[in-house]
Amino acid sequence: MKSRYDLVKDKNLLVVGLGRTGISVIGKILGFCSCITGIDSNPDLKLGDAFNKHQDASSNNLKIILGKDTLEGKEVIEKIDLAIISPGVPGNAPIIKLARENKIPVWSELELAWRLLSKEEQARTIAVTGTNGKTTVVTLIGKILNDSGNNCIVCGNVGLPLIETIDTENKYNSNSRENLIRVIEVSSFQLERIYHFKPHISVILNITSDHIDRHKSFENYGDLKLKLLANQNEDDWSIVNIDDQYINKKIKALSGRQNQLPEFIKFGLEPEDDTNIFYKDNYIYYQIERSKGKINIENTPLKGKHNISNIMASIAPAILMNINEKNIEKSIKNFKPLDHRQEYLGYINNIRCFNDSKSTNPDATMVAINDFGKEITLIMGGKDKDMDFSELISVLNKKVKNLILIGETAVRIYDQVIVSHYDYKIYKCSTLEAAVKKGFKVAGPGEVLMLSPACASMDMFKDYKERGNSFKRLVISEKIR
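Read in order, the letters of the sequence shown correspond to residues 0 to 480 in numbering that gives the first Met the number 0.
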């Protein structure tokens, strides 16, 4: 009988990048491979006991190589049958070029995991992409489905790699495995190297400028996001935000020239002729196939128009899976907003403080400041991803009294602001700690101090979570001074 693991059986694999994704890949499939070579360019990477359980006196099928030159050495790819590339490894890395020159297939972890799923498991998948809101939406979908008695797991870019959900050790009975619903957060990095990935339900939330340093242009970035639809057909569903002009334009173009397309479910804040889901007076109205009704979201803790869109995107898969309205309403009203997303920290020294560290692009920051008056002391800046800040700068006058810039982008943003028609004060700080101190000094009583960087964090922090937690600690320390 053919096994799903015949895909990697007796093969020599190369795993590039030994973060959580790479470690998960090795841990899940090492027992089926002839040999795995794991490489990472960081010579000081601390792996601890990550691979101890996979190695013993009689096992010699795992090689780990660390160092900045590993991504360029030709000897690394000798006798390799398949390369699995972690999301953080850019497409122009020399090792990828070498692999292609040697006709070695290069897959993402997402592609490998997909091919290891059974057809029954693949049919129970929901994949969500977009520039902003992905984590909120996959978490809310997961909550609605689990609250209604389904066996659901949230995975992918949210933290748990898809491959981690596969039962390679046969710990669970096949019935429970095949009934598992996987809700997968998918990033543009993961979509770079997919070929067969085909979720039964796809969700595209929004597409705005991000990761231009890696993808080189907005068009390239947008095309990658839309790859989520590439392998879907008329047996599948795609939930799309028609308030996003770019998505709306692209979907119309696809519908005109491509035969194999999923069934589209369109959501937007205002009702249109072809809108399946829309919002009015604290209700979300829906008409999907033969299902028609409305869901009360009056008491949801998710505030703002962007979160109404997120809720609409989350409701659609639940309706397709026949979850009743009352259960959906209850899950939405009991949903706890995620940390680092417009997270209210309270009144501290007579100032309202918000941690919005998850806003890693200009569009997310525009959304974050939208619900306030001209009362914000905004801490902004971080790693430079070659993004366009012009639209964000054009709206700062309406909301910002003080702008505090940090990180790699501080000088670039400052140079753009001073040639604009700005009417707020600007400060540059070398650290987040200095920015918080300055923020408390210049913000007025009852006003807002907000960290909403519009940039990634890796110039100063490990990730947005570390940045947000640091901000919270600094803010609280000001309270007890």
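C-beta atoms are modelled at their ideal positions from N, C-alpha and C, and glycine is treated no differently.
Please read all numbers here as calculations on a predicted model, not as lab measurements.
- The C-alpha of G345 is placed about 38 Å away from the C-alpha of T164.
- For S330, the enclosing alpha helix (DSSP H) covers residues E324 to K332.
- Looking at the backbone, the Cα of V447 and that of I264 are separated by about 38 Å.
- For Y426, the enclosing beta strand (DSSP E) starts and ends at K424 to K427.
- Of all C-beta pairs linking the stretch 447 to 458 to the stretch 404 to 414, three or more are shorter than 8 Å, placing the two stretches in contact.
- Apart from sequence neighbours up to five positions away, the residues of its chain that approach V7 with a beta-carbon distance below 6 Å are I28, F31 and C32, ordered along the chain.
- Inter-residue distance for L204 and S107 is about 22 Å (C-alpha atoms, whole angstroms).
- Burial check for G16: the Cβ neighbour count within 10 Å reaches 16 or more, so the residue is buried.
- For I241, there is no enclosing alpha helix (DSSP H), as DSSP marks it with neither H nor E.
- Under the DSSP definition of a beta bridge, K118 lacks any partner.
- If only complete runs of 3 or more residues are kept, the stretch 384 to 417 shows the beta strand (DSSP E) at 399 to 404, in order along the chain.
- Less than 8 Å separates the beta-carbon of N156 from that of S186.
- Taking 8 Å as the cut-off, the Cβ atoms of R411 and D370 do not count as close.
- In this structure, N240 sits near G267, with a CB-CB distance shorter than 8 Å.
- Comparing C-alpha distances from R19 to each of L81, G37 and L395 shows the shortest one belongs to G37.
- Scanning K424, F188, A442 and G381 for the CA closest to the CA of N348 turns up A442.
- The Cβ neighbour count for I417, taken over all protein chains shown within 10 Å, is under 16; the residue is labelled exposed.
- L139 and N295 have their alpha carbons spaced roughly 16 Å apart.
- Contact between L161 and L109 holds: CB atoms are separated by about 6 Å, below the 8 Å threshold.
- The C-beta distance from G90 to E191 rounds to 6 Å, short enough to meet the 8 Å contact threshold.
- The residue among G381, E390, I392 and S476 with its C-alpha nearest the C-alpha of D458 is G381.
- Within the same chain, I125, I140 and I200 come within 6 Å of P316 by CB-CB distance, once the 5 residues on both sides are set aside.
- The stretch 298 to 314 makes contact with the stretch 354 to 372: 3 or more CB pairs, one atom from each, lie closer than 8 Å.
- Annotation for A82: the continuous beta strand (DSSP E) segment containing it runs L81 to I84.
- CA-to-CA, the gap between N333 and T299 works out to about 8 Å.
- A straight-line Cα-Cα distance of about 38 Å links G87 and D273.
- Per DSSP, reduced to three states, the secondary structure at I211 is helical.
- Going by beta carbons, I276 and I314 fall inside the 8 Å limit.
- Here the alpha carbons of L391 and L225 stand approximately 24 Å from one another.
- The Cβ atoms of S290 and I250 do not sit closer than 8 Å to each other.
- T430 and S356 have their C-alpha atoms some 15 Å from each other.
- Looking only at R340, S358, S85 and K335, the smallest Cα-Cα distance to I193 is reached by S85.
- The alpha carbon of L65 has as its nearest neighbour, out of L46, I83 and I238, the alpha carbon of L46.
- When secondary structure is reduced to three states using DSSP, A455 falls in the strand class.
- DSSP lists V182 and I200 as the beta-bridge partner residues of I125.
- Annotated three-state conformation of E342 is strand, per DSSP.
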